Amino acid sequence: MAGGRIVVVGGGQAGFQACSSLRDNGFDGDLSLVCEERTLPYERPPLSKDYLRGDIDLALRPESFYDGKGIDLIAGRVAGIDPRARTATLDSGRSLPYDRLILATGARARTLPVPGARLSNVFTLRTVGDAESLRKRLEAGTRVVVVGGGFIGLEVASLAQELGCDTTVVEVLPHAMARVVTPQTSDTLVEVHRSRGTRVLLGRRVAAFDGDHAGRVRQVALDNGTRLEADVVVLGVGVVPNVELAYKANLPTSDGFLVDQTLRTSDPAIYAIGDCARFPSRHASSLIRLESVQNAVDQAHHVARCITGQPEPYTAVPWFWSDQCGLKLQISGISLGHDQTVLKGDPAEGRFSVFCFRSGELVAVESVNRPADHIISRRLLAGTTELTPDDVAHPDFDLKKAPR
Amino acid sequence: MAHITYKQADGTATTVDVPVGCSVMRGAVDNGVDGILAECGGGAICATCHVYIDEASTAKLPPIDDLEDELLQVTASPRLPGSRLACQLPAMEGLVILVPEKQL
């Protein structure tokens, strides 16, 4: 498809990249990007990292980029889509006709279904506005309770501690980041947080938040009766994909818009990419939905190729990263369902990689301050590797020399 | 503003104004210079903003730290004496950057 009208819903990383890639691939029809936030598309990863230290420019591209590429930035929210008429309708009532629609609606932060979750100074972190509000509250001596020991929670805790806050992390599962890393990596990082003075409480559930007369949070009550004093609470308890547009349009969902290998929904004119899409992956044993920059960018590239050229299965290797306590954690592949791990390097020195195997096959590599392992393992996982656990465990093993 | 010239492997060149304080990577990305992917946004973790710097400029730039050195060992295009990661280089007047053939 060279001409025609494409509407992209959602001005996050995926929506931005889809527009950019469509133009790079020669699409010369009308191209609109509907952005709900009143800002140019921006990078989210720094919001839980450097942005909490001070202002940095987050815009993915300057405004001139969109003019130059003929990308029509539309401020607003898509309230509904009519797949028969092929129109998307904005809150304002304006109707946008399309030949292809790309849903990049992203996700929103979950909150906790416990009393007091709406008190002031209880924050979630998803948008630049969220980060600005939180940043104003993070001062030396502030008592910060972070609920959720995932990437966002631990990154915020790392920054808060660095800024001199009295910081506690409460995680309901017995391991932090349990969804994405092995216990080896989790335990090592938790120890580093603790050694810097952050309290990390594992296997503890929040029962309630208690506030003062002004409606500000004051205490966090845990399931074992412990009460933590808190000036600020940050909820890092996951996200909910924004799939409301599916209901009236009759698109199937399951914690995300369901798409096929070419990222297309059940409607041949509608695609879904990024945080909001659940898709079949050769890197996982079941349908997956991923919340990462890599996934947003690679799926955007892919959908642009499918629309401007031949539809092909999406096969990019998933990868993730997190910065905590001065350590760079990088993950390639999906470790879910692994049954064997091999550790290389020394966790005590803060430099190691964990190789994860499923039925003898390498499925993921977690690296801490070993970026070369990460880059090489991504290349290995993109192809078919015959690397065995025994190979990796051998004392002379050198990943740089591994056959690929 | 610093004038930076980005030369592609095919010989084409673009000169752009980059604010001082920005990185050479950011200057390329903001101005739509091809071939500098910067997948990680500047964290020195992905090695997709690999560039070659001429010898005269090398001395003026900050030295290569351990992390950058490790990443330069695994770039998609060969590591040469002038290899750097553009995200680690501050914009400087008159810099000439050679963009490698591939980043992935």
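Same order as they appear, the protein sequences are chains C and X.
Under this note's numbering, the residues of the first sequence are numbered 7 to 410, in order.
Under this note's numbering, the residues of the second sequence are numbered 233 to 336, in order.
Ideal placement from N, C-alpha and C gives every residue a C-beta, glycine not left out.
A quick note: this is a predicted structure, and the numbers were derived from the prediction, not measured.
Best match in the options for proximity to residue i [C-alpha to C-alpha]
i: A137(C); options: G10(C), V371(C), R29(C) and P52(C); result: P52(C)
i: T244(X); options: I296(X), C254(X) and D266(X); result: D266(X)
i: A182(C); options: E367(C), A290(C) and G154(C); result: G154(C)
i: T307(X); options: Q240(X), T237(X), A276(X) and G264(X); result: A276(X)
i: V120(C); options: V323(C), D229(C) and R364(C); result: D229(C)
i: R124(C); options: H199(C), N256(C) and R222(C); result: R222(C)
i: M324(X); options: D242(X), P251(X), K239(X) and Q240(X); result: P251(X)
i: L46(C); options: S27(C), L66(C), G60(C) and D30(C); result: L66(C)
i: S309(X); options: D242(X), A279(X), E287(X) and T247(X); result: A279(X)
i: L234(C); options: L251(C), L207(C), A220(C) and Y57(C); result: L207(C)
i: Q346(C); options: T188(C), A113(C), A388(C) and G217(C); result: T188(C)
i: G262(C); options: V239(C), D78(C) and L296(C); result: L296(C)
i: N127(C); options: V265(C), D216(C) and E392(C); result: D216(C)
i: L330(X); options: D249(X), M257(X) and E300(X); result: M257(X)
i: S292(C); options: V348(C), V265(C) and R311(C); result: V265(C)
Buried or exposed by the 16-neighbour rule on C-beta atoms within 10 Å, applied to residue i
i: Q167(C); result: buried
i: G274(X); result: buried
i: M233(X); result: exposed
i: E49(C); result: buried
i: Q316(C); result: exposed
i: L344(C); result: A small fix is needed here, since residue 344(C) is His in this sequence, not Leu. Buried, since its Cβ has 16 or more Cβ neighbours within 10 Å.
i: N248(C); result: buried
i: H307(C); result: buried
i: A81(C); result: exposed
i: P332(X); result: buried
i: K334(C); result: buried
i: E250(C); result: exposed
i: T413(C); result: No answer is possible for residue 413(C): it lies beyond the span of chain C, which begins at 7 and ends at 410.
i: I285(X); result: buried
Start-to-end residues for the beta strand (DSSP E) that takes in residue i
i: Q225(C); result: V223 to L228
i: H282(X); result: H282 to I285
i: T130(C); result: V128 to T130
i: R357(C); result: R357 to R364
i: D172(C); result: D172 to E177
i: F215(C); result: V212 to G217
i: T93(C); result: T93 to L96
i: D36(C); result: D36 to C41
i: R114(C); result: A113 to A115
i: T314(C); result: No beta strand (DSSP E) contains T314(C), which is instead part of the alpha helix (DSSP H) from V299 to T314.
i: L387(C); result: Segment P377 to A388 is the alpha helix (DSSP H) holding L387(C); no beta strand (DSSP E) there.
Range covered by the alpha helix (DSSP H) that runs through residue i
i: Y253(C); result: L251 to A255
i: V162(C); result: F157 to E168
i: K75(C); result: E69 to K75
i: V246(C); result: From DSSP, V246(C) is part of no alpha helix (DSSP H) but of the beta strand (DSSP E) over V245 to P247.
Local conformation of residue i per DSSP, three classes
i: V187(C); result: coil
i: V187(X); result: Residue 187(X) falls outside the range modelled here, since chain X spans only 233 to 336, and no answer is possible.
i: G147(C); result: coil
i: R291(C); result: The question names Arg, but residue 291(C) is Ser in the sequence shown. Three-state DSSP puts S291(C) in coil, outside helix and strand.
i: K350(C); result: strand
i: A24(C); result: helix
i: Y277(C); result: strand
i: F285(C); result: strand
i: R106(C); result: strand
i: Q19(C); result: helix
i: E372(C); result: strand
i: C331(C); result: coil
i: G86(C); result: strand
i: Y238(X); result: strand
i: E300(X); result: helix
Test item: CB-CB of residue i and residue j under 8 Å
i: V369(C); j: D379(C); result: no
i: V134(C); j: L64(C); result: yes
i: L107(C); j: I276(C); result: yes
i: Q19(C); j: A236(C); result: no
i: G17(C); j: C41(C); result: yes
i: V176(C); j: V151(C); result: yes
i: I279(C); j: A24(C); result: yes
i: W325(C); j: R364(C); result: no
i: G21(C); j: A113(C); result: no
i: G412(C); j: P395(C); result: In the structure as shown, chain C begins at 7 and stops at 410. Residue 412(C) is therefore absent and cannot be evaluated.
Closer than 7 Å: residue i CB and nearest the ligand ZN heavy atom
i: T133(C); result: With respect to the ligand ZN, the structure shown offers nothing to examine, as it has no ligands at all.
Chain B within 8 Å of residue i, Cβ atoms only
i: Q240(X); result: Reference to chain B is not applicable here, since the protein chains of this structure are C and X.
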